[in-house]
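Trainee:
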Amino acid sequence: MNSFVHLHNHSEYSLLDGMSNLEKMVARVKANNQPAIAITDHGNMYGAVEFYKYSKKYDIKPIIGLEAYCAIEDSLKKNNEEKSPYHLTLLSENETGYQNLMKMVTHSNLNGFYYKPRIDKKILEKYNEGIIVLSGCPSSELSRSIVSNDQEKIKNTYGWFSDVFKDRFYLEIMDHIGVPNQKIINQQLLEISKNNNLPLVITNDNHYVEKHDHAAHELLMCLQTNSNINDPKRFKFDDDNYYIKSSEEMWEEWKELPSGLNNTLEISERCNIKIDFSKALLPKYDCPDNKSSMEYLRELSYKGFSKRFDENDPELIERLDYELEVIEKSNFPDYFLVCWDIFNFVNSKNILSAVRGSAAASLVLYCLEVTKINPMEHNLVFERFLNLERREMPDIDMDFEDDKRNEVMKYCVERYGKDHIAQIITFGTMGAKAAVRDVTRVLDLPISVGDKLAGIIPTKVGTKIKDALEIDEFKDLMKDPDNRKVVDFAQKLEGTVRHASTHAAGVIISQDDLTNDVPLQISTSGEENAPPTTQYAMAAIADVGLLKMDFLGLTNLSIISKTIELIEKRTEKEFNIYEISKNDEQTFELLSKGDTFGVFQLESAGMRKYIKDLKPSSISDIAAMIALYRPGPMEHIDRFIRSKYGKEKIKYPHDALKDILSETYGIIVYQDQVLKIAQAFGGYTLGEADILRKAMGKKIKEVMQAEKDRFISGSLEKGFDEKTSNEVFELIEPFAGYAFNKAHSVSYAMIAYWTAYFKANYKIEYFTALLNSSINNTEKISVSVTEIRKTDLEILKPNINNSNVFFSILSSDKGKLIGYGLSSLKNVSSVSLSKIIEEREKSGPFESLGDFCKRIDSSWINKKILESLIKSGSFDEFGDRGGLLDSVERILIQINSLTRLRNSNQSTMFDLFGEEVETPVNVIEVAETATQDNEKMHWEQEVMGISFTENPNHKKMLRLKQMNEEIIVSLQQIESVDTNKPQTFIAEIKSYEKRVSRKGAEFMIVKLELTDGPIDLMVWQNKISEVDIWLHSPIAKIKGKINNRNGENSLWYDSGEIFSFDEQSDISNTFTNKTPIITKEEYKPNMKNEKTPIEEITDEKINQVKEVIITVNSEEHSSNKHIMDDLTRILLDNEGNVPVSIVVKSNSEKVKLNLPFANVNTSKSLEEKLDNIIGLQNVFYKQ
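All you need for my numbering is the position in the sequence shown, starting with 1, plus 8.
1) On the DSSP bridge assignment, give the partners of arginine 364 in chain order.
2) From what residue to what residue does the beta strand (DSSP E) around valine 1187 run?
3) Mapping the DSSP letters down to three states, classify phenylalanine 854 as helix, strand or coil.
4) Kindly indicate which residue of Asn835, Asp1020, Glu773 has the alpha-carbon position closest to the one of arginine 578.
5) What does the alpha-carbon distance come out to for the pair leucine 830 and threonine 776?
6) Verify whether the separation of the beta carbon atoms of proline 93 and lysine 124 is less than 8 Å.
7) Which of helix, strand or coil does DSSP assign to alanine 56?
8) Between leucine 118 and methionine 53, is the Cβ-Cβ spacing less than 8 Å?
9) Leaving out five residues before and five after glutamate 331 in sequence, what residues of the same chain have Cβ atoms less than 7 Å from its Cβ?
10) Taking the alpha-carbon positions, what's the cysteine 145 to histidine 428 distance?
11) Among the candidates Val155, Gly654, Ala442, Ile432, whose CA atom is the shortest distance from the CA of histidine 195?
12) Can you tell which of Val354, Gly365, Arg392 has the C-alpha that lies nearest to the C-alpha of leucine 376?
13) Among Ile994, Met952, Asn40, Lys989, which has the Cα closest to the Cα of asparagine 972?
14) Going by other Cβ atoms of all chains shown within 10 Å of its Cβ, with 16 needed for buried, is valine 469 buried or exposed?
15) If you compare alpha carbons, which of Cys78, Gly120, Ala498 is closest to aspartate 446?
16) Mind checking isoleucine 997: buried by the 16 CB within 10 Å criterion, or exposed?
17) Quick one: residues in its chain with C-beta nearer than 7 Å to the C-beta of glutamate 535, no 5 flanking neighbours on either side, listed in chain order?
18) Would you mind reading off the limits of the alpha helix (DSSP H) that contains histidine 225?
19) Could you tell me whether the stretch 93 to 107 touches the stretch 136 to 145, using the rule of 3 or more Cβ pairs below 8 Å?
20) By a C-beta neighbour count over all protein chains shown, 10 Å radius and 16 as the cutoff for buried, is tyrosine 62 buried or exposed?
21) Which one or two residues does DSSP pair with glutamate 996 in a beta bridge?
22) Hey, alanine 440 and isoleucine 464: beta-carbon distance below 8 Å or not?
23) Identify the continuous alpha helix (DSSP H) that holds lysine 706 and give its terminal residues.
24) Is the stretch 472 to 487 touching the stretch 388 to 406, taking contact as three or more C-beta pairs under 8 Å?
25) May I ask you to report which of helix, strand or coil DSSP gives aspartate 247?
26) Give the straight-line distance between the Cα atoms of aspartate 403 and phenylalanine 559, rounded to the nearest whole angstrom.
27) Could you have a look at arginine 242 and say whether DSSP puts it in helix, strand or coil?
28) Answer with yes or no whether the minimum CB distance from asparagine 1030 to chain B is below 8 Å.
29) What are the complete alpha helix (DSSP H) segments, minimum 4 residues, inside the stretch 560 to 634?
30) Under 8 Å by Cβ, that's how I've got serine 254 and asparagine 17 pegged, so tell me the actual separation to the nearest angstrom.
31) Could you tell me if isoleucine 645 is buried or exposed, where buried requires 16 or more neighbouring beta carbons within 10 angstroms of its beta carbon?
32) My guess is that isoleucine 627 and tyrosine 761 are in contact by the Cβ rule of under 8 Å, so how many angstroms apart are they, rounded?
33) Who are the Cβ neighbours of arginine 242 in its own chain at under 8 Å, not counting the five residues just before and after it?
34) Indicate whether leucine 197 and serine 170 have their beta-carbon atoms separated by less than 8 Å.
35) Going straight from the alpha carbon of isoleucine 568 to that of alanine 442, what length do you get?
36) Going by DSSP, what residue range makes up the alpha helix (DSSP H) through alanine 686?
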């Protein structure tokens, strides 16, 4: 039976061009009984290793290649002529060819990239060994020469390839409907083959696996070209034959050219590569004095040991020697030396660092000053990091100050060579929601279709469209043919690789040139001089034996570092963070109060609650809480806290576990404890126990049963009975899956402790550093400022004469204040500000607007910067904000004119008359308007995300609270209310979004703003139809119950209505703080010197009024709601110090209402207004 091998195939790694999933591609070939398949993605080798592994899994020969882009002339040239490079199919014949492919791909990306990654003939010739070349598709050099009928170029092209590649050059023929000139190209290729004895080979240029994938692939192409299916000009494949055809189909189609078919098998036979996955391509450290790596590591470890420890404790020496032995037998001394070298640089530059993960359990790393935590002090298990039984690469995750990470990377490039270090690539795939929305768009359907479907798909990571199809509401939508069509196509595209980016932390350092083992490309990070990125992702990097390191930038370390700088600046003394007391009372007091905003790992609402309940008294307590505060272990938090304070008896599954579990009050919190239990009960070594832990985490049934049998057997040998042995195994089994790495917890706990320490002891320095860490994030700054206002610190509003580029500490008569960082303002650049602040520091404060215009350069400022500065209040001392904004154009003209004057020869005229003579300046007249607070607040919110002008609504809301304590206007009130009863809120409406629950029920989250912060209002499905009444109003009156979940409060909606301070229909319904009923005797209009009708008050007596009493007859006035509206407005508009009360008459009853929100200023103007509204006969002054 005739066979065939597909040699031209595009997988999903031909981003948004190919659609073939690698495993499905190989499985299809297996089903076709074809012996091999090639991968030839556009200009990259992203999928090579993954493809190789799947091929081996299915017993199919892998042929690794690519469809390269070849420059028209020179890959280093970048001009219009080079915008459309040629295509060329390259296949690796052997390991040498595979390496040469990687070198060509690396050159094309790092040196030849211009629209596409390009090689050229010089590169092809240089790296031709082990490469088989197919002449390429209709976009190849040879095909284009045929189309242009350039006979000389045709001859030169195939002649060059024949000369360079000899019998490794084949003429590639394919046939697809709609491809321009395909027939002409094929006819000429046949002639060239016949006349020059050059072999032909048939390919199909596959872009998807099955024929029925064609329609979905069309949509993928629309995504690539940003078009839609109805666009007549869109790029498309005109036929549906770009799939992996069977051998029978290929032979039927090309039966008249059997040599071209057989040559696919010939090429397949020639291509034999093996990627060695057994290698460990570790970096080699160049040791001094011809010492071996192990000798030097031992020397450094003992030197560090003497520095870290005062005494040669035998137990410590034994542990150190044991770790060194394991490192030596694992052949990792060079890796440890490289880590030491990196941290030696980091420490020498005073870059704050930390190590997360299991590496903190190593005493060797502690002695090398890589880690900062003594593993012996915290009883950390080294085997969790490295052991002889589990032959895996060590993994040291390094944290550096986020703004110093690049400095560390730069050192590594200089130290180990640019060809030996790279960052790691990562790939983004099309998620369920994105697929639905994208398909909706390219099908040219209304956006609402995609939004509706995507809204129902749960947001949980890993959710597939098939999961959504189990939701009733989603199922119902499938009755609509458009919805069904979207979902069907979205499922085909779901999970497809969409883009490549640079991993946030992953870095590799190699001994040899990296391009021997991995292709490279330009980093997508956008960072200047960043090392290149591998084309293999994390798993493939590990497969080929390259060792990954994690260089992480941690903002909290930067905050701590900047805090220390500010402390040292103030105290003029060096501050050593490692000498901080680990038992600081103020720190633990702060944690015990739950005052953990800005504290690493402890600032979420839920964590604040638990930390407050726990009242930690040690770093171990903090570490345990970090480990427990995750899904699974969370259920044990309350028991942990109760046990700590003796409110619940500590129970141990067996007395033999007491020493292991005593520090966590009988609860398994850490993976280390699982290891030690397996050692104590099952007779495992700690290394074997770590293998057991991993097996338990993977939950492979057969493996688990074998491990259980071994555990029970070991337990019986150690004298435990079978029942207890089973109970202990069943106890540790679930914990192994979600128990936390103790070394990681302790590392994080240390950083958490540091941040809490600085917040408790150096509050102003810490908050200033915290604000600067979010300088480009107005939302975070807003939250931070809100928190600062809860303390005794004061943060000043922006001011051009005392604010700096960044948030800073200022001195005043009041003490230390935080000055606002102007570069945090929207549209304001730190570069421009630096120049302005530099001028202010050099020549003094800006005395006026004219002085400002005269002293700055027009290149430092533009309209957007100036408007933002004005809106923030930075220029308030120069005039009214509204007037200044109206004058922006004139201000800029003035600045430009004065700058030109300074820079022209005219400026020398003023020098002739000495420095006393001032440059003449046109005075800018700023309108003396009075911008309302509401407008100022709006502007401040716009450019800062927070307001320094008092919110008029908040002021009124607080007055409401004074009148009626049952009305909630602040978060603070929530702490003391009954959460089982519905509560009434008056709140501002900030934003809202609709979501869908896992069960498919629609709900809404409305962001409410109270006087001291935001709260979420949850509106469930049965109430959503009601909210439109008030949702778009600025303020609403909401009734609902307070719900606390994991320490975070939200409000569950019951009812709501629009609320207006200016338009209240019935004061007595809103303010119900009643005083006792007044008797007739108490209510006599002409009582002596107590209540005097307003018409009897003279100007001389007006200042003697102690209370204004207004009588309202409910029967007379209820028919006209505007009377009460107008009365309320008048009282609020005439704010003063004289209290007002209203007596409401209804039938024979009188009710007196105190109105603390409406203290007034008594005047003739007020009299006239009250007379017009309610009549003077109803108004009395009490003296």
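Beta carbons: idealized from backbone N, C-alpha and C, even for Gly.
Note that the coordinates shown come from a computational prediction; the quantities given were computed from them, not determined experimentally.
Mentor: Put simply:
1) Answer is Asp405.
2) Taken as a continuous stretch (DSSP letters only), the beta strand (DSSP E) holding valine 1187 covers 1187 to 1190.
3) Three-state DSSP puts phenylalanine 854 in coil, outside helix and strand.
4) Of Asn835, Asp1020, Glu773, the residue nearest in Cα terms is Glu773.
5) Cα to Cα, the separation comes out at about 13 Å.
6) Cβ distance < 8 Å, so proline 93 and lysine 124 count as in contact.
7) Alanine 56: helix per DSSP, three-state reduction.
8) Contact: no.
9) Same-chain partners within the cutoff: Ser370, Leu371, Val372, Phe390.
10) The alpha-carbon atoms of cysteine 145 and histidine 428 are separated by roughly 35 Å.
11) Residue identity check: residue 195 is glutamine in the sequence provided, not histidine. The shortest C-alpha separation from glutamine 195 is found at Val155.
12) Closest in alpha carbon position to leucine 376, among Val354, Gly365, Arg392, is Val354.
13) Among Ile994, Met952, Asn40, Lys989, the Cα nearest to that of asparagine 972 is on Ile994.
14) Under this definition valine 469 is an exposed residue.
15) Distance check between aspartate 446 and each of Cys78, Gly120, Ala498 places Ala498 closest, using alpha-carbon atoms only.
16) Its Cβ being crowded by 16 or more others within 10 Å, isoleucine 997 is buried.
17) Within the same chain, glutamate 535 has close Cβ partners Asn414.
18) Its alpha helix (DSSP H) spans residues 222 to 233.
19) With a cut-off of 8 Å, the stretch 136 to 145 and the stretch 93 to 107 count as touching, because enough Cβ pairs lie within range.
20) Classification of tyrosine 62: buried, given that the 10 Å Cβ count is 16 or more.
21) Per DSSP, Glu1017, Ile1043.
22) No, these two residues do not count as a Cβ contact at 8 Å.
23) In the DSSP assignment, lysine 706 falls within the unbroken alpha helix (DSSP H) covering 694 to 706.
24) At 8 Å Cβ cutoff, the stretches do not touch.
25) Of the three classes helix, strand and coil, the one that applies to aspartate 247 here is coil, per DSSP.
26) Cα to Cα, the separation comes out at about 11 Å.
27) Of the three classes helix, strand and coil, the one that applies to arginine 242 here is coil, per DSSP.
28) Protein chain content of the structure displayed is limited to a single chain, and chain B is not contained in it.
29) 563 to 579, 593 to 600, 613 to 622, all fully within the stretch 560 to 634.
30) That belief does not hold up - the Cβ atoms of serine 254 and asparagine 17 are roughly 15 Å apart, past 8 Å.
31) Per the 10 Å Cβ criterion, buried.
32) Sure, about 5 Å apart at Cβ, within 8 Å.
33) Annotation for arginine 242: Met229, Cys230, Thr233, Ser235, Asn236 place their beta carbon closer than 8 Å to its own, counting only its chain and skipping 5 residues before and after.
34) No. Outside cutoff.
35) Cα to Cα, isoleucine 568 sits roughly 38 Å from alanine 442.
36) Per DSSP, alanine 686 belongs to the alpha helix (DSSP H) from 679 to 690.
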